[in-house]
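Residue numbers (the working numbering): 125 to 260.
Reading through the structure tokens given below for one structure.
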């Protein structure tokens, strides 16, 4: 339903814009990336960093939990266009650029119960070995 004001603006050729996420302006979804963040984990419901599989992945990547930031897909959209860290998308899709390194896996519950999903994650980590690890 269009209001008289909307109709008048349309008649004058004035384009109206509608915010996709108006709550952002109210401060509900303000997100800032900490300077020492090296991995952004993105999931609808992120697992805790104390989960054994998460701990194993962090240990393999030589990361501490303090260097990992867990976000929802909506929160990810609030970050800058280019992120200088790796990304791990757990059961979500995103075109957000993560410094060229993005791991795509199934949702966490499927990942922990599927050997094939775990192998796919480890293969992705091996493919980015030269970007992730500092070799002497």
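We put the CB at the ideal spot given by N, CA and C, even for glycine.
Quick caveat: nothing in here was measured; it's all calculated off a predicted structure.
field: Nearest to residue 168 (by Cα), restricted to the options 134, 197, 178, 185
entry: As a first step, residue 168 must be located in the chain shown, where it is residue number 44. Out of 134, 197, 178, 185, 197 has the C-alpha closest to the C-alpha of residue 168.
- prompt: Which residue's Cα is closest to the Cα of residue 158: 207, 227, 245?
  reply: If you number the chain shown from 1, residue 158 lands on position 34. It is 207.
- request: Can you give me the Cβ contacts of residue 193 inside the same chain, cut-off strictly under 6 Å, excluding the 5 residues immediately before and after it?
  value: Numbered from its first residue, the chain shown carries residue 193 at position 69. Cβ within range, chain order: 161, 164.
task: Can you tell me which of 233, 240, 252, 253 puts its alpha carbon nearest to the alpha carbon of residue 178?
output: On the chain shown, residue 178 is found 54 positions in, with the first residue counted as 1. Per the Cα distances, 233.
- prompt: Taking buried to mean at least 16 other C-beta atoms within 10 Å of its own C-beta, is residue 137 buried or exposed?
  reply: Counting from one through the chain shown, the residue named residue 137 turns up at place 13. Classification for residue 137: exposed.
message: Just to confirm, is the Cβ distance from residue 166 to residue 216 under 9 Å?
response: Against the chain shown, residue 166 aligns to sequence position 42. Against the chain shown, residue 216 aligns to sequence position 92. Against a cut-off of 9 Å, the Cβ pair of residue 216 and residue 166 comes out as a contact.
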